[in-house]
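A short worksheet on the structure shown next.
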Amino acid sequence: MSEFDGLPSVRWSLRGLTEEGDEAWLIRGIARKRYHCPGCHGDVEIGDEHTVVQYVRRLGGSDHHHWHRRCAEEILVPELGRLRRVPAGDSSQTKLERRGRYPSGRRRR
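In this note's numbering, the protein residues as written are 44 to 152.
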């Protein structure tokens, strides 16, 4: 396990960078409907604790995917660079989608 236990929690989210330089935010979630995990291609069932990965693209735009916690820890976390822990309140979907409206060089501070 990594220094962050590899996974987000109720109090903390994780923020890292993809190889393309896009931000990847890992957020703890509880499934409200059935999702498809891109790691194992299995289903994340209703009520399952899982990891929501919100991508904020360097050139603008954002999207998200729902991963099983184990898949995120074993597949996704090792691929991300500069992974750090951030307060969970900083990773709300609204805030991240707002960040995605501007290319990285033009984001408001």
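For glycine and all other residues, C-beta sits at the position ideal for the given N, C-alpha and C.
Boundaries of the beta strand (DSSP E) around LEU126: 124-130. With respect to VAL99, ARG128 sits apart: the two C-beta atoms are not nearer than 9 Å. Assignment of VAL53 by DSSP, reduced to helix, strand and coil, places it in the coil class. By the 16-neighbour rule on beta-carbons within 10 angstroms, VAL53 is exposed. ARG71 has THR94 as its beta-bridge partners, per DSSP. Distance from the CA of SER134 to the CA of TRP55, rounded to the nearest whole angstrom, comes to 9 Å. In this structure, LEU69 and LEU57 form a Cβ contact; the two beta carbons are roughly 4 Å apart against a cut-off of 8 Å. Judged by DSSP secondary structure, LYS76 falls outside any alpha helix (DSSP H); it is assigned neither H nor E.
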